[in-house]
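Q:
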Amino acid sequence: MKDRHRRPKSGPAAPVKARAERGPAARAPAPPKKEPRPAAEAPVRPLTRREGEKPAERVPVILETAGSDQYRLIDSGAGEKLEQYGPYRIVRPEAQALWQRSRPGIWDKADALFTGDTDEDGMGRWKFPRAALGETWPMQLLGVDFHGRFTAFRHVGVFPEQLAHWRWMKEKVETAGRPVKVLNLFGYTGVASLVAASAGAEVTHVDASKKAIGWARENQALGRMEKLPIRWICEDAMKFIQREERRGSTYDIILTDPPKFGRGPNGEVWHLFDHLPLMLDVCREILSPRAIGLVLTAYSIRASFYSIHELMRETMRGAGGTVESGELVIRESGPDGRDAGRALSTSLFSRWVSA
6 MKDRHRRPKS GPAAPVKARA ERGPAARAPA PPKKEPRPAA EAPVRPLTRR EGEKPAERVP
66 VILETAGSDQ YRLIDSGAGE KLEQYGPYRI VRPEAQALWQ RSRPGIWDKA DALFTGDTDE
126 DGMGRWKFPR AALGETWPMQ LLGVDFHGRF TAFRHVGVFP EQLAHWRWMK EKVETAGRPV
186 KVLNLFGYTG VASLVAASAG AEVTHVDASK KAIGWARENQ ALGRMEKLPI RWICEDAMKF
246 IQREERRGST YDIILTDPPK FGRGPNGEVW HLFDHLPLML DVCREILSPR AIGLVLTAYS
306 IRASFYSIHE LMRETMRGAG GTVESGELVI RESGPDGRDA GRALSTSLFS RWVSA
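Counting with the numbering used here, you get residues 6 to 360 for the letters of the sequence shown.
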């Protein structure tokens with residue numbers, strides 16, 4: 006979700022001479038200032054009162070991502086992480102890296118460093134100490150081609166810790182033995198959507214950022230996946246799922262990766278702690294009778310995974326299955342990908358699975 010500011014269209018310019026001839030007395034009174042319109046919010050409905058037994062539980066669950074030839078966490082420490090993204094070694098802030106660096110000598114060989122605001126969504130800039138680099142570069146994960154990109158918010162177009170969820174989803178789609186519909190909310194640059202579609206799913210991808218949707222379409226074209234069944238929808242996520250609920254639309258797998266704060270294309274406001282219960286409640290309603298899973302990932306929040314775990318169990322009362330919750334972590338693997346090091350926690354998650 007993102008703010009958007011539109012430049013007002015100007016009317017035809019008045020002739021210069023006529024403007025010059027007008028004195029102060031001839032000026033028309035200034036129009037009264039309009040009060041700013043409050044940001045629109047997605048319509049809300051009451052939370053459903055759930056009955057029945059809570060699903061079984063598995064806690065804590067640690068879903069670990071190890072290195073590959075295209076991505077690996079080389080080292081971390083002193084509030085930063087050194088990662089390999091395709092051909093580049095990149096240094097970015099990481100508040101969870103409280104320890105000392107294991108391999109301080111190799112950090113000087115980084116191709117790009119993010120400097121500036123260390124907040125997750127803070128703006129900053131990139132430095133390229135070895136050579137100037139282009140804005141984008143090609144990458145591939147789970148057989149899907151996409152562009153990495155140096156953005157102003159330290160992100161590079163993919164969250165590799167999500168590979169744990171994507172592998173799970175890919176396996177579920179491929180072994181379902183039937184058509185599977187996937188909804189990817191807050192879908193960002195579309196890598197998860199492309200993984201699902203390439204595995205055989207029919208995918209609906211929702212993000213409020215036109216820029217992110219454009220980037221996702223570029224990724225689709227890069228991998229020559231234009232014929233895959235993906236709907237790209239630029240809309241506020243809450244508005245979209247409530248409309249789907251009214252329509253009676255259902256999905257077999259729902260991925261939700263909401264920010265802690267955001268704005269929709271029409272000024273809709275999202276606050277994670279305020280809106281997450283309703284979002285999950287609506288997602289429960291649009292799960293199909295043969296649903297496979299509902300996945301929630303939460304970044305940069307001051308909460309225990311038990312908070313979202315209990316919320317998910319309450320939401321899924323009477324649905325059976327299991328709720329498994331914990332953390333997504335990335336394991337350090339060194340410069341060559343062979344040395345298992347420390348595990349870096351990246352986010353909290355809760356996942357309801359039907360079986």
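The beta carbon of each residue, even a glycine, is placed where N, CA and C say it ideally should be.
Starting from Leu-118, trace the beta strand (DSSP E) both ways and give me its first and last residue.
A: 117-121
Q: Answer with buried or exposed for Ile-67, where buried requires no fewer than 16 other C-beta atoms within 10 angstroms of its C-beta.
A: exposed
Q: Relative to the C-alpha of Ser-81, which residue among Leu-199, Val-178, Leu-349 is closest?
A: Of the listed residues, the one whose Cα sits closest to Ser-81 is Leu-349.
Q: My guess is that Met-317 and Val-328 are in contact by the Cβ rule of under 8 Å, so how many angstroms apart are they, rounded?
A: 5 Å
Q: Going straight from the alpha carbon of Ser-107 to that of Asp-74, what length do you get?
A: 21 Å
Q: Is the CB-CB distance between Pro-165 and Thr-302 below 8 Å?
A: no
Q: Report all residues from its chain with a CB closer than 8 Å to the CB of Ala-136; omit the five preceding and five following residues, and keep chain order.
A: Asp-116
Q: Rounded to whole angstroms, what's the CA-CA distance from Lys-186 to Asn-271? Just pull it up for me.
A: Rounded to whole angstroms, Lys-186 to Asn-271 spans 27 Å at the Cα level.
Q: To which residues does DSSP link Phe-151 through a beta bridge?
A: Met-144
Q: Determine whether the beta carbon atoms of Phe-155 and Val-163 lie at a separation below 8 Å.
A: The criterion of a C-beta distance shorter than 8 Å is not satisfied by Phe-155 and Val-163.
Q: Would you tell me roughly how many angstroms separate the C-alpha atoms of Ser-309 and Glu-176, rounded to the nearest one?
A: 28 Å
Q: Looking at the secondary structure, which residues open and close the alpha helix (DSSP H) in which Asp-357 lies?
A: The amino acid occupying residue 357 in the given sequence is Trp; Asp does not appear at that position. Careful: Trp-357 lies outside any alpha helix (DSSP H), inside the beta strand (DSSP E) at 348-358.
Q: Within 10 Å of its beta-carbon, does Pro-37 have 16 or more other beta-carbons around it, so buried, or fewer, so exposed?
A: Note that Pro-37 has pLDDT 49, beneath the 50 cutoff, so the model's placement of it is unreliable and the number below is only indicative. Exposed, since its Cβ has fewer than 16 Cβ neighbours within 10 Å.
Q: Quick one: what's Phe-266 bridged to in DSSP?
A: His-276
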